[in-house]
Amino acid sequence: RLEKATLAPPGTGLRCITMLQAPNDGGGGLPPTSASALQLASVLSALAWVALVGFGFGLAPGRVGDPSDTELVVALASNPTSPMDAGVSPLFALLFNLFVPVPAMLAALLLPTSRGQRAPALPFVAASAFVGFFALGPYLVLRSPPAPLTAADEPPFAFFETRAFGVAVFALTLSIPLSAQIFQIADWPAAVDEFARLLQSSRLVSVSSADMTLLVVTLALLVREDARRRASG
């Protein structure tokens, strides 16, 4: 756009300088997340949540509260670093253990941007560590565009943006394949077949798989949103 600046150096007359100034796009990066994009995300989150609830309590294989599912969780909890010794699928152990770092990553993206939201983020994010997208979905439906970044403001829950928290979550994530004994699988086709059978027979495994899929997709979208927000800040 064109702008005019009037200069008055000592001993001279007024001079008018016309300058061509590019629009400020917030630093030349990705554009910030628009309100319309957040509205679409809210609708998609609602649909995903309804689908997960319908699948979890109706369409998924197996039965709610099946004793075999309870035994699976007890066996894994009793042998958290050696699931194969307890007869637990290492692929399921990997999936189950991801419900710790993935909600932590979501917390790092959602809690610092929670100021001014219609619902408090903390209860939903904390509950997602136990019931995943079942708890997080309603918050995403209510979530509005996060406030722009400013250097003067201290974001809420700033601890989740610290290097210490990031390093801790990164180390925890790297440890999961080890604790799930993924690198000790000798027969991968048999391990995959075992997990596939669990998907077809166990409500816990099938619903957990669908739940984790939604959490990871949400995480990827929030990372993209955060990159846009920081580029425009």
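Heads up: the sequence shown begins at 166 in our numbering, then just goes up one per residue. Glycine included, each C-beta is placed from N, C-alpha and C at the ideal position.
Given residue i, which residues of its chain have a CB within under 8 Å of its CB, disregarding the five upstream and five downstream residues?
i    : result
M147 : Outside the modelled stretch of the chain, which goes from 166 to 398, sits residue 147, for which no answer is possible.
Q365 : P226 and S371
L307 : S207, Q282, R283 and A284
V381 : V267
G241 : Here residue 241 turns out to be Leu, not Gly, going by the sequence shown. Hits under 8 Å: P248, A251, V253, F257, A258 and F261.
W113 : With the chain covering only 166 through 398, there is no way to say anything about residue 113.
Smallest Cα separation from residue i: which of the options?
i    : options                   : result
V218 : E359, S233, A300 and P232 : A300
P277 : L363, V290 and A225       : V290
A392 : A206, L274, S201 and A361 : L274
S201 : S309, P354 and L339       : S309
Y304 : P288, V296 and F295       : P288
L237 : D352, F295 and R368       : R368
M472 : F264, P232 and Q204       : Since the first and last residues shown for the chain are 166 and 398, residue 472 lies out of range.
L205 : L386, R395, R394 and A396 : L386
T246 : S340, A355, D358 and R394 : S340
Who are the near neighbours of residue i in its chain, counting only those whose CB is closer than 7 Å to its CB and skipping five residues on each side?
i    : result
F330 : A273 and F324
F360 : S254, L256 and F257
A345 : P248, P255, A258, L259 and N262
G281 : A312
L348 : In the sequence as displayed, the identity of residue 348 is Phe instead of Leu. Cβ within range, chain order: P342.
L379 : A213, L217 and F298
V229 : F222 and R368
Our contact map puts residue i next to residue j with C-beta atoms below 8 Å; I'd like the distance itself, whole angstroms only.
i    : j    : result
L142 : F257 : Because the chain is modelled from 166 through 398, residue 142 falls outside the range shown and cannot be assessed.
S279 : F322 : 7 Å
Excluding the 5 residues preceding and the 5 following residue i in the sequence, name in chain order all residues of the same chain whose CB lies nearer than 6 Å to its CB.
i    : result
N244 : D250 and A251
G302 : S210 and W214
G221 : V372
T338 : P266
P268 : S293 and A294
Answer yes or no: does any C-beta atom of chain C fall closer than 7 Å to that of residue i?
i    : result
L380 : Included in the structure is just one protein chain, with no chain C present.
Kindly confirm or deny that the stretch 207 to 223 and the stretch 369 to 380 touch, where touching means at least three C-beta pairs closer than 8 Å.
yes
Every unbroken alpha helix (DSSP H) inside the stretch 223 to 292 [4 residues or more]:
232 to 243, 255 to 262 and 266 to 275
Can you confirm whether the stretch 223 to 243 touches the stretch 306 to 313 when touching is taken to mean that 3 or more C-beta pairs between the two stretches lie within less than 8 Å?
no
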